[in-house]
Amino acid sequence: MSTVQQSDSENPKQFDLYKRPWQYLGYPAFCEWSASDNDFFVLRRFKVLNNRVLLRMQDSISQLEEELAAIDAKNSRLDIPPVNNGSFRNDQVERREEILTEAQSKLKEYNAILPEESKYITSEDDLIRVVEEKKSPLLKRMERYSSVTRSIFFKKKPETDIKGYDPESMSYYDDSSMEALARSIIVILGLVMLVAPQWWLLFVQDKVYQLGIITGFIVLFLALVATLTGAKPFESLAATAAYSAVLMVFMQVGGNMAQG
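Okay, so the sequence shown: first residue is 1 according to UniProt numbering, each after it adds one.
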């Protein structure tokens, strides 16, 4: 009996978690939750503070650069004894060596950020995802609707037991299934865009109406490619050009069949 009472006192109940989350959950549970999915692993990039620190480092290096330039200019004058300014080993100016050593250390810190690590600088949001995942615009739109993410077809349990996890206020979904659905939608729309105008053009004889149909489908195709697939502008235009060529072939084939 005493053992049961001890376990109950050690393990807070759900009511206790809601009452004092800062005591029973805290950062251990928060870190466990944020690490459970890449979408939750978000950090601040401290745009203003980072910029200020970098400017301070830049100013500090600039001061060393100016002091070094002044020393070089001073030791290149005609009214002073000869000084070897073309040798590191035989440099008689100790301060110049100190400046170079200090500048080397500061430049190492200033240039330490790799291109992969500096991508956050170009981000417009203060919150950035540490693990970046490429998602199509269609998939991003689908993720905005809780009716989709909470559907029984996509909903899943977290891979690890998360302390304080409440399925009513938080939901996980299967990324691979959502991606498969998005790809299926794109494939179906592409198939419709190919088949529908072919049948429509077959029953329209007027060339003006045929060009109107082709123009409408070309504009619709470009809009779908640009908004759903995330293709670059030149990729969207290239795909649209190929699609328009296919429609023109459909129009010619339909005209030949009508004449025959």
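Glycine is no exception: its CB is placed at the ideal position from the N, C-alpha and C atoms.
### Message
Between the alpha carbons of A103 and K47, how many angstroms are there, rounded?
### Response
On the sequence shown, residue 103 is found 103 positions in, with the first residue counted as 1. On the sequence shown, residue 47 is found 47 positions in, with the first residue counted as 1. The straight-line gap from Cα to Cα measures roughly 25 Å.
### Message
Is the separation between the beta-carbon of N75 and that of N84 shorter than 7 Å?
### Response
Working through the sequence shown from its first residue, we reach residue 75 at position 75. Working through the sequence shown from its first residue, we reach residue 84 at position 84. No, Cβ-Cβ distance for N75 and N84 is not below 7 Å.
### Message
Using a 10 Å radius around the Cβ and a threshold of 16 neighbouring Cβ atoms, would you call F15 buried or exposed?
### Response
In the sequence shown, counting from the first residue as 1, residue 15 sits at position 15. That one is exposed.
### Task
Quick one: residues in its chain with C-beta nearer than 8 Å to the C-beta of K140, no 5 flanking neighbours on either side, listed in chain order?
Your numbering for residue 140 matches position 140 in the sequence shown. Taken in chain order, the list of residues that qualify is empty.
#### Entry: Exposure label - T240; buried when at least 16 CB within 10 Å
In the sequence shown, residue 240 corresponds to position 240, counting from 1. T240 is buried by the Cβ-count criterion.
### Query
Do you know offhand how far R96's Cα is from L49's?
Here residue 96 refers to the residue found at position 96 of the sequence shown. Here residue 49 refers to the residue found at position 49 of the sequence shown. For R96 and L49, the distance between alpha carbons rounds to 32 Å.
#### Entry: Given P197 as reference, the closest of V187, S177 and I218 once Cα atoms are compared
As a working note, residue 197 is residue 197 in the sequence shown. That would be I218, whose Cα lies nearest to the Cα of P197.
### Message
Using 7 Å as the threshold, is the C-beta distance between A182 and L138 below it?
### Response
Translated into positions along the sequence shown, residue 182 becomes position 182. Translated into positions along the sequence shown, residue 138 becomes position 138. For A182 and L138, yes; Cβs fall inside 7 Å.
### Query
Which stretch, first to last residue, makes up the alpha helix (DSSP H) that contains D16?
Translated into positions along the sequence shown, residue 16 becomes position 16. Per DSSP, D16 belongs to the alpha helix (DSSP H) from Q14 to K19.
### Task
Could you give the DSSP three-state label for F30: helix, strand or coil?
Here the question's residue 30 lines up with position 30 in the sequence shown. Correct three-state label for F30: helix.
### Task
Just tell me which of L100, V192, E98 and L55 has its CA closest to the CA of Y110.
Working through the sequence shown from its first residue, we reach residue 110 at position 110. Nearest of L100, V192, E98 and L55 to Y110, Cα basis: L55.
#### Entry: Beta-carbon spacing of L191, F250 below 7 Å
Along the sequence shown, one-based indexing puts residue 191 at 191. Along the sequence shown, one-based indexing puts residue 250 at 250. Result no, Cβ atoms of L191 and F250 do not sit closer than 7 Å.
### Inter-residue CB distance, V225 and S236 (contact presumed, cutoff 8 Å)
On the sequence shown, position 225 is the one that residue 225 refers to. On the sequence shown, position 236 is the one that residue 236 refers to. With a Cβ gap of about 5 Å, V225 and S236 count as contacting.
### Segments of 4+ residues assigned as alpha helix (DSSP H) that fall wholly inside the region 75 to 111
94 to 110
### Assigned secondary structure, R144 (DSSP; H/G/I helix, E/B strand, else coil)
Indexing the sequence shown from 1 puts residue 144 at position 144. In this structure, R144 counts as coil in the three-state DSSP scheme.
### Query
According to the neighbour-count rule (16 or more other Cβ atoms, all chains shown, within 10 Å of its Cβ), is I214 buried or exposed?
Numbered from 1 along the sequence shown, position 214 holds the residue referred to as residue 214. It counts as buried.
### Query
Taking the C-alpha atoms as reference points, what is the distance between F234 and V187?
In the sequence shown, the residue the question calls residue 234 occupies position 234. In the sequence shown, the residue the question calls residue 187 occupies position 187. The straight-line gap from Cα to Cα measures roughly 21 Å.
### Message
According to DSSP, is L191 part of a helix, a strand, or is it coil?
### Response
Reading the sequence shown from its first residue, position 191 is the one you call residue 191. In the structure shown, L191 falls within a helical segment according to DSSP collapsed to helix, strand and coil.
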